[in-house]
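Structure first, then comments.
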Amino acid sequence: MDAAIPMILVVVKVLLVLGAVLTLVAYITLLERKLLGWIQVRLGPNRVGPWGLLQPLADGIKLLTKEEITVTKANRVVYILAPMIVVVCALIPFGVIPFAKGLGLERLLGGAAERFDLNTGVIADINVGILFIFAISSLGAYGVILGGWASNSKYSLLGGIRTGAQMISYELGLSLAVVGVLMIAGTLSLVEIVGEQSSVLRWFVFRQPVGFLLFLIAGAAEICRTPFDVIECENELVAGYQTEYSSMKFGLFYLGEYAHLLFLSALITTLFFGGWQGPIFPPIVWFMGKTFFFVFFFIWVRATYPRLRYDRVMAFGWKVLLPVGLINVMMTAFIYTVWLQFTGRGL
Amino acid sequence: MELVYFYILSFIVVVSAVFVVFLRRPLHNVLFMILTMIGVACLMLQLEAEFIAMVQLIVYAGAVMVLFLFVVMLVNITQADLLSQLSAVRGWAGALVAFAIFGVILTVFKVGGQTAAPQAQAAQHLTNTELVARELFTTYLLPFEVASVLLLAAIIGAVILVRKGR
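Shown next, in the form of structure tokens:
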């Protein structure tokens, strides 16, 4: 019995986070449409429910009940597998993000909260957290590439190949951008990285400004947000890798996309903006506030900037982002060493 | 319980490795190779080598296999075409190399099995990543640097090969 309780609790935690994430993802789609509407001086969706609040539900029902079309010449197994890979790989990394600390459960549950690790606000605090995230996200690229290939259509294939190339290229920039943070924090665990940023001035956005900018740009490219959304560039590729997908299979790609957006925002918050830490309000409020600031930021960027040309995207990734990232790593190492020599403690 | 996991994982790894060799379509071979890589990473996790497991996922399952997939997707050949080109001599040479590698692995297990244990015990308080880093930059510094020079040479070689056309 004692062995079963932690197992059940982990399942409960996972379901809780999963439910929250899926709900938020549904409402981010509404948020995006609303914000884009306001920025373009329109109203945005406002017919379903008050202020259009039931719109995600209506969209979900529409996607579920639409006719399911499988392309005749598609490679069936891979065709069905692809959207699953995308969604699963978009949702798994939420398991290592620390959402809060001290959920106030110790008063409610007494010693049990401590004993079963209920008070940490993270599903799994693994000591290679950041590597885990990169590992899963690099697997996520397969969903898109395979989806593009299995559809057996030239637009899908081109879209899939573009994604693969773009994701590999920008993963380098993304990893290099984080190296600076990891060097200063001296850990790969996200919980410890948050712990390292105990006051506003110790936030990594101030200690690693170049790293932050690189991460922001490379992150946007990694999840294929505007201005890097060349993979579904409608005037060249119809809809890229998802051209031949319909109904809920398309819905899963869509879900994966917005889950990526939410995850990237949460990761930026965790790595560079002190995670859940902040005064007065409970940790979870701070975490959500910071995360949604970045969600808003990415939507804002989408409304503002045009799409880059594909060769420019690749050239920028390899010729600008990568060298700047390398220089940033070297400079951080240099400054860190000098600082250590003179003050005897880390940055 | 751990043993059960181990057998399930080993079963997945071995079966998918067999599929890599025997399936007809190159794309399926690549997909099962990805599965093999992921399985191996899980086995490493069971050995509490979480750093190596993650690197395995990022480098092999992530980056290397994507390149395999690209080639297979763009070239679009079947294994039957490949087999018809394959001469008997090359097949036997391949088998010989495979057995030689198997022999090397067996030897490593025989020799390495006795020495690895005390190291692992000494490093109880360090995390896996710290241990790997410490060993790389102290005990194995020279081989590490030599390997990095080799990789640098390979990168420069790749760049020169690509630029040749211009």
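Protein chains in written order, with this note's numbering: chain H, 1 to 347; chain W, 1 to 166.
The beta-carbon is built from N, C-alpha and C at its ideal position, and this holds for glycine as well.
All of these numbers come straight from a predicted model, not from anything done at the bench.
Collapsed DSSP secondary structure at residue i in the structure displayed
i: residue 100 of chain H; result: coil
i: residue 140 of chain W; result: coil
i: residue 229 of chain H; result: coil
i: residue 223 of chain H; result: coil
i: residue 250 of chain H; result: helix
i: residue 168 of chain W; result: Residue 168 of chain W is absent from the structure shown; chain W starts at 1 and stops at 166.
i: residue 126 of chain H; result: coil
i: residue 145 of chain H; result: helix
i: residue 344 of chain H; result: coil
i: residue 238 of chain H; result: coil
i: residue 279 of chain H; result: coil
i: residue 273 of chain H; result: coil
i: residue 200 of chain H; result: helix
i: residue 163 of chain W; result: helix
i: residue 258 of chain H; result: helix
i: residue 129 of chain W; result: helix
i: residue 188 of chain H; result: coil
i: residue 213 of chain H; result: helix
i: residue 152 of chain W; result: helix
i: residue 117 of chain W; result: Here the model assigns residue 117 of chain W a pLDDT of 49, short of 50, so the residue's position is not dependable and the matter cannot be decided.
i: residue 47 of chain H; result: coil
i: residue 121 of chain H; result: coil
i: residue 337 of chain H; result: helix
i: residue 319 of chain H; result: helix
i: residue 243 of chain H; result: coil
i: residue 110 of chain W; result: helix
i: residue 42 of chain H; result: coil
i: residue 332 of chain H; result: helix
i: residue 69 of chain H; result: coil
i: residue 137 of chain H; result: helix
i: residue 104 of chain W; result: helix
i: residue 207 of chain H; result: helix
i: residue 90 of chain W; result: helix
i: residue 134 of chain W; result: helix
i: residue 151 of chain H; result: coil
Start and end residues, alpha helix (DSSP H) containing residue i
i: residue 55 of chain H; result: 55-65
i: residue 302 of chain H; result: 283-304
i: residue 50 of chain W; result: 50-55
i: residue 29 of chain W; result: 26-46
i: residue 33 of chain H; result: 4-39
i: residue 62 of chain W; result: Residue 62 of chain W -> no alpha helix (DSSP H), and no H or E assigned at all.
i: residue 1 of chain W; result: Element bounds for residue 1 of chain W: n/a, residue is neither H nor E.
i: residue 172 of chain H; result: 154-185
i: residue 79 of chain H; result: 76-91
i: residue 312 of chain H; result: 310-316
Nearest-angstrom beta carbon gap, residue j and residue i [assumed within contact, 8 Å]
i: residue 164 of chain H; j: residue 321 of chain H; result: Not confirmed; about 18 Å, so no contact.
i: residue 122 of chain H; j: residue 97 of chain H; result: 7 Å
i: residue 67 of chain H; j: residue 151 of chain H; result: About 17 Å; that fails the 8 Å criterion.
i: residue 128 of chain W; j: residue 61 of chain W; result: With 8 Å as the limit, residue 128 of chain W and residue 61 of chain W do not qualify as a contact, their Cβ atoms being about 19 Å apart.
i: residue 193 of chain H; j: residue 269 of chain H; result: Not confirmed; about 11 Å, so no contact.
i: residue 53 of chain H; j: residue 89 of chain H; result: About 30 Å separates the two Cβ atoms, so there is no contact after all.
i: residue 399 of chain H; j: residue 177 of chain H; result: An answer regarding residue 399 of chain H cannot be provided, because it is not within the stretch 1 to 347 covered by chain H.
i: residue 147 of chain H; j: residue 241 of chain H; result: 5 Å
i: residue 72 of chain W; j: residue 26 of chain W; result: 5 Å
i: residue 141 of chain H; j: residue 95 of chain H; result: Incorrect: roughly 19 Å between the Cβ atoms, too far for contact.
i: residue 134 of chain H; j: residue 105 of chain W; result: With a Cβ gap of about 29 Å, residue 134 of chain H and residue 105 of chain W do not count as contacting.
Contact list for residue i against chain C, beta-carbon separation under 8 Å
i: residue 126 of chain H; result: Absent from the structure is chain C; the protein chains it does hold are H and W.
Subject >> Interface residues of the region 87-101 of chain H facing chain W [CB-CB below 9 Å] >> reply: none
Subject >> Near-chain H residues of the region 24-55 of chain W (beta-carbon distance less than 9 Å), N- to C-terminal order >> reply: 25, 27, 28, 31, 34, 38, 41, 50, 51, 53, 54 and 55
Original post:
Residues in the region 313-344 of chain H with C-beta within 7 Å of chain W's C-beta atoms, listed in sequence order?
Top reply: none
Original post:
Relative to chain W, which residues along the region 211-231 of chain H have a C-beta separation below 9 Å, given in chain order?
Top reply: So nothing in the stretch comes that close.
Subject >> Contacting positions in the region 162-180 of chain H - beta carbon closer than 7 Å to chain W >> reply: Cβ contacts with chain W: 164 and 168.
**OP:** Determine which residues of the region 57-74 of chain W have a Cβ less than 7 Å from any Cβ of chain H, and write them out in chain order.
**Re:** 57, 58, 61, 62, 63, 66, 69, 70 and 73
**OP:** Return the residues of the region 123-144 of chain W that lie within a Cβ-Cβ distance of less than 8 Å from chain H, sorted by chain order.
**Re:** 127, 128 and 129
Subject >> chain W contacts made by the region 245-268 of chain H, where a contact means CB separation under 7 Å >> reply: none
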